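Protein chains in written order, with this note's numbering: chain W, 87 to 435; chain V, 87 to 435; chain L, 87 to 435; chain Y, 87 to 435.
#1: Does the beta-carbon of residue 142 of chain Y have 16 or more other beta-carbons within 10 angstroms, so that it is buried, or is it exposed?
#2: With a cut-off of 8 Å, does the C-beta of residue 193 of chain V fall near any C-beta of chain L?
#3: Identify, in the order they occur along the chain, each residue of the same chain with its Cβ nearer than 8 Å to the Cβ of residue 302 of chain V, setting aside the five sequence neighbours on each side.
#4: Determine the closest residue to residue 409 of chain L out of L/432, L/233, L/374, L/321, with distance taken between C-alpha atoms.
#5: Going along chain V in order, which residues have a C-beta closer than 9 Å to the C-beta of residue 376 of chain W?
#6: Anything in chain L within Cβ reach of residue 290 of chain Y, meaning under 7 Å, just list it in chain order.
#7: Count the other CB atoms within 10 Å of the CB of residue 175 of chain L; is the residue buried (16 or more) or exposed (fewer)?
#8: Verify whether the separation of the beta carbon atoms of residue 145 of chain Y and residue 125 of chain Y is less than 8 Å.
#9: Could you spell out the range, first to last residue, of the alpha helix (DSSP H) harbouring residue 227 of chain L?
#10: Give the residues from the region 106-128 of chain V that approach chain Y closer than 7 Å (Cβ to any Cβ), ordered along the chain.
#11: Taking 8 Å as the threshold (beta carbon to beta carbon), is residue 223 of chain L in contact with chain V?
#12: Near residue 310 of chain V, which residues of its chain fall below 6 Å by C-beta distance, leaving aside the five closest residues on each side in sequence?
#13: With a CB to CB cut of under 6 Å and the five nearest residues on each side skipped, what residues in its chain are close to residue 197 of chain W?
#14: Can you find the residues in the same chain that come closer than 6 Å, C-beta to C-beta, to residue 381 of chain Y, ignoring five residues on each side of it along the sequence?
#15: Kindly say whether residue 159 of chain W, judged by its beta-carbon, lies nearer than 8 Å to any beta-carbon of chain L.
#16: Quick one: is residue 154 of chain L near chain V, going by C-beta distance under 8 Å?
#17: Which parts of the region 292-336 of chain V are runs of the alpha helix (DSSP H), unbroken and 4 residues or longer, counting only runs that do not cross its ends?
#18: Measuring only between beta-carbons, confirm whether residue 420 of chain Y sits less than 8 Å from chain V.
#19: List the residues of chain L that residue 424 of chain W touches, going by C-beta distances under 9 Å, in chain order.
#20: Tell me the rounded alpha-carbon separation between residue 336 of chain W and residue 378 of chain V.
#21: Listing by chain order, which chain W residues have their CB less than 7 Å from the CB of residue 227 of chain V?
#22: Which same chain residues end up closer than 6 Å to residue 416 of chain L when comparing Cβ atoms and leaving out the 5 residues on each side of it in sequence?
#23: Please check the pair residue 154 of chain W and residue 180 of chain Y, which I expect to be a contact at CB under 8 Å, by giving their CB distance rounded to whole angstroms.
#24: Is there contact here, the region 227-243 of chain V with the region 290-307 of chain W, by at least three beta-carbon pairs under 8 Å?
#25: Use the C-beta contact count for residue 206 of chain W: other C-beta atoms within 10 angstroms, 16 or more gives buried, fewer gives exposed.
#26: What is the DSSP secondary structure of residue 257 of chain Y, reduced to helix, strand or coil?
#27: One question on the structure: do residue 402 of chain L and residue 278 of chain L come within less than 8 Å of each other, judged by their Cβ atoms?
#28: Where do the N-terminal and C-terminal ends of the beta strand (DSSP E) with residue 361 of chain V fall, by residue?
#29: Listed from N- to C-terminal order along the chain, which residues in the region 387-416 of chain Y have their beta-carbon within a distance smaller than 7 Å of any beta-carbon of chain V?
#30: Residues of chain L with a CB under 7 Å from the CB of residue 432 of chain W: which are they?
#31: For residue 220 of chain W, which of W/411, W/422, W/394, W/432 has the nearest alpha-carbon?
#32: Return the bridge partner residues of residue 93 of chain V from the DSSP annotation.
#33: Expressed to the nearest angstrom, what Euclidean distance is found between the alpha-carbon atoms of residue 407 of chain L and residue 231 of chain L?
#34: Using three-state DSSP, classify residue 411 of chain L as helix, strand or coil.
#35: Could you have a look at residue 128 of chain W and say whether DSSP puts it in helix, strand or coil?
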């Protein structure tokens, strides 16, 4: 049921991250600078560790685009790992390169380590960590940057902001500095807003077509997100307080509130789409947690790999990207068409 | 990517609700009484209106089961609408029965009415209401009741409880009585718990295989749900406070906390799966909201159709059902097999 | 990737056959007489056995349509089994009705019996036969009849004809009479043609979007079909003989041949779509085949259940239906839109 | 419904071809030499043009494999285009590199050119040709080579042979030499056989699970394939001649014939799976066809790009690959499991 479909791949310290996007109509101008700008946004934000400087991700398109425009064929986006030189032995594809350097067996609570080792029968937890890493959100951000460009053709605008970091509603830097000092990490809450969406994306006719459900999946599947809300959390509100009454102004329907966050009946209703999410504190900490070494089943301290104090800003950027993919898919399905010329001719643009 | 797949259909006052479930292995004993028990649970709960008495849903299986066991072929579940007699003219399939009786044009805020009328080009909002109704969750509950029975074969247990109604954390009846008296409706929060799940359902390897994402979609796509959380909402917690440390007891890994709600890295981690959700207050109120009549674009009072004061208990039952479908799919994929004999032989049961 | 999606269910002697179709835009007039006409065509044709008289299938719509028009919600089609009265004990859903009457263990070569019994661990081969029966094509024909009606809104026309029965290219009745007399069955070949399809359905950009591939699946998945061809089978032709040269007539592109059968590069090319298929002889014969009884692993004669001598005409009707589903999906994806009013406004109809 | 899922990308003269394969269990040893061996087989065969020498494809794995074994995460396979140096301006991603060199507007009959130009609104037919090229089958062959390695773990063996080239059943070289001399191209027929498949892959329970249907799609979606058969084409056979009787030998079921080609009721039945297909003659010929120039709508001679006389052997290799993908998916679904250790433990290997 999806038109804008994609697969992504790549390990945290592997050679590169890759995405193949299938279903973009032809004749769409892709601006690679805008992709790179999103990748940069994802790496920014107060509270990030050193790796962000090493990464400095840039995207390359290796298929599906010619002379700046989509061909209608699958678009491939690749982000090289700039640090790969230092990891090529450790992450080698070849059996003869086998090494236990950088392998580890102490589960990090809050990570995929424990369940991943059982599911995939991995003794070396690096085999889990490398894919379960938040690094994979870089390529998801690149895919979302393409989706955003499609949406912007339909005049859809996107933004996000931080609502809370740790216990602070403002002056987040101070909160982050304090946590960093003691080697701890911070949770936070953010909000993503999409404006100008056409009315009627998504549908109530079948559960798997409800737009709020699709958005919730997109956001909750970002590593570290534990809570998702659409619009104003209704907890404690009565019906007469919560629902957004409708009025007429200059012959048009208007509302004075947007508690519904732009979605009624699983569909966009013309008001700004507002999605909020809570990110848990990063579980890799200098101040380590008690855990278990799977090699000998003894209690120990969790393995520490260099990390961030707070990545809520990055998480918001990824959430924008992930929601943009859902919306681009909906818009392309709604308008049909195999080329942007056709779509815009239909829309009278 | 789904083995337990299904489609549902049916209008609120139509002849019947139907579901076809494809992908259940053969040789599985389906107990129809357990399906009906779930349907009854969904209709119970303090604060429901009169319709619940009329409904008194019972399921019939019309395919895929012989002598109490699944054949491996698609299973069809039908719930007849007991009130259909009174609606057969109004909901008739036939063009010659056209009538404007029971049609309406005044949008109800908080419902699909407005966006649905634009999306599907419906002048009569009944054409929207009939499918966007929460009535469709009855058949989803029936499908979920089948999923639960599958899970119980793997010793998985499921329960739910109410956490908050309106502003009350307990004595919910009083809160509901007060709201009913003034014709208002109430929001609420509930929790669903699944115990005994195998470690490693879901996966971190690709965004659309993350179990938390799938669960979030399942729950957020229930009409009226606006917020979903997995485990303890991490807002305000630091890393050292939040993550669930691991210990060894009698040679086995244990935890003293379950803030993660049973999911790490998008997978079950062996702890109870805990999902919380917030339901908005029902938007159909005796005390009506200001709105717009689409027929003349004039402001007016919203249309009132007999309704409940609070349906949070029912919503929790539906959430159990919806999550059970996700988990049954995961379990069936994990263990493979085309018959339950084969599955259990593999598992050494 | 599919908009017109559906599930079907039902056993051969079960209570009913059911289909749920999800994805039909709103405001589409469904004519149930046209569905029944297709069901009748499927039951006709020279060489059919007695069951066809018993069946006399008629479709009922139980959801998704009001006053003759689609609502946008899932459409349910049900075909009751008129003979169910005589089978309700044997096909009962209830465990307490268990009986071995009508059970059998002698595999019928050419049927699903053997592989089905192993796959689903069925001792009683009736548990296989009941779903593997060609009976299920009745409900597929009903779904296809809806798809055809959608296509006819776009002026697409469909027809089919028999090319060969047994060894005869004409006078098929005689061939069938001879086979019937000796208790044998006949294979045959037929052709389905769709005219007026828009150029560019399907796509070369990804293997699973190639229209010829989708059509081949649709037709080969009809029970008893063993060969599928698009257009003229190219075997023995050279490039200069085979390919359809292009000419200009009155400023428009024309062709003098249609060896490609209307598909180039996995897309419709504006010429009639021509699909041919070969149906194997029905494997249930009065003159029985040597086989094995799975109960005692002894050689024996195959179980005989009343059957047809030749069902090639019926098979062609089913093929029309199955291909229509593929094409309706493609057309709806191409034009987008949630209501037929919207689609036709776009198309300037 | 698919576990072994993949997307492919890449233009004929673009930088590279890429595939991402999602769903391979962990701990599976991938042998890259076996992938390259299949790529070489695809480029071999009597009657190929010069490009095959230039190509000499080799695969690189850039994700999902570490020290020779799969991690459970998506596997990326890349085939660099060795000739890209000469095409990088013509196939540039950048708008500023726009050039009309190598562009063309004369439709080649038998290719995607005409329909593709309309569907995707391409004026320069190179924008169609680059993806509709058979070049994309190289990466499909690589994906299939991975699927074959998975199947070989289950002892499944695969082979293919040519049945006919042009009008010749043997001495194909002579036929090809003659065609080459006059600048013509040849059609042909081949057969692919898979042995040792478990009984019960595929299913009769729903049309989209029929294995013959899936195989037909896989093979018919190979560019230039116009006909697909499973087993012996039944045309002209009666029921008593065609069906494969069953016998008992040493307590096991045996058959003396395999007309069904290993599939009954849409499932493997334990006999060798036999698939035949007819490839049309390559439509790019030195001896050009009459066609139309889309730039001025005048009749003209078709554009000629260096080509092969006959590629039936290559087509057979691609068919092996494509069918292997379908079968690997079925096998992985049947056995479940997230690591090969788990799968083999279950199977008692």
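Just so it is clear, CB atoms sit at the ideal spot from N, CA and C, and this is done for glycine as well.
It should be emphasised that the depicted structure is a prediction, and the values quoted were computed from it without experimental measurement.
Working from what's here:
#1: exposed
#2: no
#3: 314, 316
#4: L/233
#5: 331, 332, 333
#6: 198, 202, 217, 218
#7: exposed
#8: yes
#9: 223-239
#10: 108
#11: no
#12: 365, 366
#13: 369
#14: 191
#15: yes
#16: yes
#17: 297-306, 325-328
#18: yes
#19: 286, 289, 420
#20: 13 Å
#21: Neighbours of residue 227 of chain V on chain W: none; closest Cβ ~12 Å, over 7 Å.
#22: 287
#23: 6 Å
#24: no
#25: buried
#26: coil
#27: yes
#28: 359-365
#29: none
#30: 432
#31: W/394
#32: V/106
#33: 6 Å
#34: helix
#35: helix
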